[in-house]
Each structure stands twice: as structure tokens, then as C-alpha cells.
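Student: UniProt numbering numbers the first residue of the sequence shown as 1 and each following residue consecutively. Beta carbons: idealized from backbone N, C-alpha and C, even for Gly. Take a look at the following structure, please.
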Amino acid sequence: MERAFREADVSGRLHAVDIDTGRELGVGADDPVVLASVYKVPLLVAFFRLAARGVLDPAERITLRPDERTEGGTGLSVMLDDVTMSLRDLALMMITVSDNAAADAVYARVGRDEVNAALDGLGLPGIRVTGDGRDLFDALLADSGTSGLGELWQRADEPGMLDRLGPLDPSRTSAGTPRELTGLLSLIWLDRAAPAAECALMRRMLGHQVWPHRLSAGFPRDDIRVSGKTGTLLTLRNEIGVVEYPDGGRYAVAVFTRAAEPVAVAPRADAVIGATARIAVEALRRVR
């Protein structure tokens, strides 16, 4: 795994665990890592825990206008007209296509304190969420002194620029460790992150993620199911997910990578997520 990360010209952190036996392995599994859009999984858990308690109504309908939606490259973020959708379907959009506008609408109903309280209640204090997508983008612009994400991309290779950006520093943004993130996934798959019905809905949403180029790329078989959530931010490419085999084997995997240079298209960094996940899962299966 370490060699694969080096050959892809990234630094990597990974943890994989057999959900049913607890066997595990990793590379830097307890190192703090930036969540980026992976923060949407703890948000999803907190959302469904509140829904199960009746604190919020997942069928509540929310209308979002174009001028109040968070930037992003997918979903509601790029739509041109008013959109009305239930909170539950907004949660679906934030997971399946990593919709920033949908995620921020859910976050507005749930709140940072509830997300972190849910993580504490699940025994995962190493995962912390500090804000939503709008907070992250605002921090990027403030730290970089730029007026927009386009200008930030143009100036990203300036000396010292990346070092100034709080959203790339796990001590200054939403962060966790690979081990605790696989722990969170394991709790969802074991019906312990929330009541069983809510965990089933979370598994369904994570199973509908549309991106095939990272974790799923390591398991190109029709009889292997991969569910997950990606995270992408400048030099960072991440994914956490669960790989399920037809023989019943279930493996939670978290892979976090950081490249030296910010590039929008990085196929080697994307591919190494699936490659290292496959190495880890195959090793766990040999001792199952």
C-alpha cells in the first residue's frame, strides 16, 4: 500500500476492517485527516438520529432559491430555478452526488453541535465537524485572499499558498482519523449508528453514490457491492466506504490522499484509492 501511494505521487492514509470479525490493518490509521465532503456522512448519521427521535421531520419540504444555494459542481448547486425537496431527499442528494447546496440545507436543520454530539454518543470523539460547505469555501477565500474559487485555482501554485489554507489543515477544519471513520461505517452496517430502519436508509443512500473512479474501481466485479462517499478539495482526494462480497464478507475502508500539487484532474490519485483498498481487503479476506 505504501508503495502504491508513492507510485501515485501522493501521501496516503488508510484503514480497513472486517466488519464482522474486527480484523483490521492500516497505514497511518490514527493520523488526523481532512474530511472535505466526507463530513456529509457524520451529518447523515446525525440527521437520521434526530429523525428517529422525532426532533425533525425527514419529509419536511424545503424550497431553495438559486441565490441562496452553496457553490458546487453537482445537483442543486448548479440548477437554475427554485427547487422544493424533502429534507430526506436533500440528504440523498448530498450523498449520491455530493451536492453542496443540499448538504448545507440539511446542516442548517441539524447543526454542528448535534453532529458532534452524535459522534460523541457513538464513541467517535476523533471525528469533528466544524462547519458546512459554505463555511469551508468562505475559509478558503479568506485564507487565500482571493475573490472566488476560480482565482484560487489560478493562484494555488504560488509559494506558501497551500500552507495558508485552513481547510487543508486537519487541526483547523472538519477532520477525523481513518480508523474512526471505518468505525462509523461499521456502526451503520451493524444497525448501531441509529435505529435499524434509519441505518438501512443510510446504507441505501451510500449504495447509490454515482462515482465509480475511486473505491469502486478497485473492485470491478458485478457481484461485489461498493457503497461510499468521496471527498475532494484541491490537493485532497478521499473516499470512505463498505465493500460487500457475495459470500457475506463486509469490509469498511477509509482512504485519504494528499498530492503535492493542486490539479483538477488526477487519475493516478483517484485510482490509487481503489488499488490500495483492494490490497487491504484482499489481505483481510486471506485470514477471514
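1) What would DSSP say about residue 370, mapped onto helix, strand or coil?
2) Enumerate in chain order the residues of its own chain whose CB-to-CB distance from residue 194 is below 6 angstroms, with the five nearest sequence positions on each side excluded.
3) Could you pull out every residue in the same chain whose Cβ sits closer than 7 angstroms to the Cβ of residue 226, ignoring the five residues on either side in sequence?
4) How should residue 133 be labelled, buried or exposed, when 16 other C-beta atoms within 10 angstroms of its C-beta is the threshold for buried?
5) Could you pull out every residue in the same chain whose Cβ sits closer than 7 angstroms to the Cβ of residue 124, ignoring the five residues on either side in sequence?
6) Would you mind reading off the limits of the alpha helix (DSSP H) that contains residue 282?
7) Between the C-alpha atoms of residue 40 and residue 269, what's the straight-line distance to the nearest angstrom?
8) The beta strand (DSSP E) that contains residue 18, what's its start and end?
9) Go to residue 205, then tell me how far its alpha helix (DSSP H) extends in each direction, as first and last residue.
10) In three-state DSSP terms, what is residue 172?
11) Within the continuous beta strand (DSSP E) that includes residue 251, where are the two ends?
12) Work out the CA separation of residue 70 and residue 163 for me, nearest whole Å.
13) Beta strand (DSSP E) containing residue 243: first to last residue?
14) Which runs of the alpha helix (DSSP H) spanning at least 4 residues fall entirely within the segment 80–121, listed in chain order?
15) Should residue 186 be labelled buried (16 or more other beta-carbon atoms within 10 Å of its own) or exposed?
16) Would you tell me roughly how many angstroms separate the C-alpha atoms of residue 143 and residue 165, rounded to the nearest one?
17) Within this structure, are the beta carbons of residue 236 and residue 34 separated by less than 9 angstroms?
18) Per the DSSP calculation, residue 224 is bridged to which residue(s)?
19) Inspect the beta-carbon positions of residue 175 and residue 128 and report whether they are closer than 9 angstroms.
20) At which residue ranges does the segment 49–74 contain complete beta strand (DSSP E) runs of 3 or more residues, listed in the order of the chain?
21) Taking only three categories from DSSP, how would you classify residue 45?
22) From residue 66 to residue 4, what distance separates their C-alpha atoms?
23) Provide the residue(s) that pair with residue 232 in DSSP beta bridges, ordered along the chain.
24) If I follow the unbroken alpha helix (DSSP H) through residue 158, where does it start and stop?
25) Buried or exposed for residue 171, going by 16 or more other Cβ atoms inside 10 Å?
26) Given a threshold of 16 other Cβ atoms within 10 Å of its Cβ, counted over all protein chains shown, does residue 157 qualify as buried or as exposed?
27) Going straight from the alpha carbon of residue 102 to that of residue 160, what length do you get?
28) In whole angstroms, give me the CA-to-CA distance for residue 85 and residue 92.
29) Around the Cβ of residue 198, are there at least 16 other Cβ atoms within 10 angstroms (buried) or fewer (exposed)?
30) Looking at C-alpha atoms only, which residue of 25, 6, 21 is the closest neighbour of residue 15?
31) Is residue 190 helix, strand or coil when you go by DSSP?
Tutor: Reading it off the structure:
1) Summary: the structure shown does not reach residue 370, with the chain confined to residues 1 through 288, and so no result is reported for it.
2) 48, 49, 52
3) Scanning its chain for C-beta atoms nearer than 7 angstroms, with the 5 sequence neighbours on each side dropped, one finds around residue 226 the residues 215, 216, 219, 241, 243, in chain order.
4) buried
5) 180, 183, 184
6) 267–286
7) 21 angstroms
8) 10–18
9) 196–207
10) Three-state DSSP puts residue 172 in coil, outside helix and strand.
11) Start and end: 250–259.
12) 25 angstroms
13) Here the beta strand (DSSP E) through residue 243 covers 236–244.
14) 87–96, 100–110, 112–121
15) buried
16) 5 angstroms
17) Their beta carbons are under 9 angstroms apart, which means residue 236 touches residue 34 by this criterion.
18) Under the DSSP definition of a beta bridge, residue 224 lacks any partner.
19) yes
20) 61–64
21) helix
22) Rounded to whole angstroms, the gap between the alpha carbons of residue 66 and residue 4 is 42 angstroms.
23) The beta-bridge partner set that DSSP reports for residue 232 consists of 237.
24) Segment: none, residue 158 is in no alpha helix (DSSP H) and carries neither H nor E.
25) exposed
26) Residue 157 sits exposed, since fewer than 16 C-beta atoms from the chains shown fall within 10 Å of its C-beta.
27) 33 angstroms
28) 11 angstroms
29) buried
30) 25
31) coil
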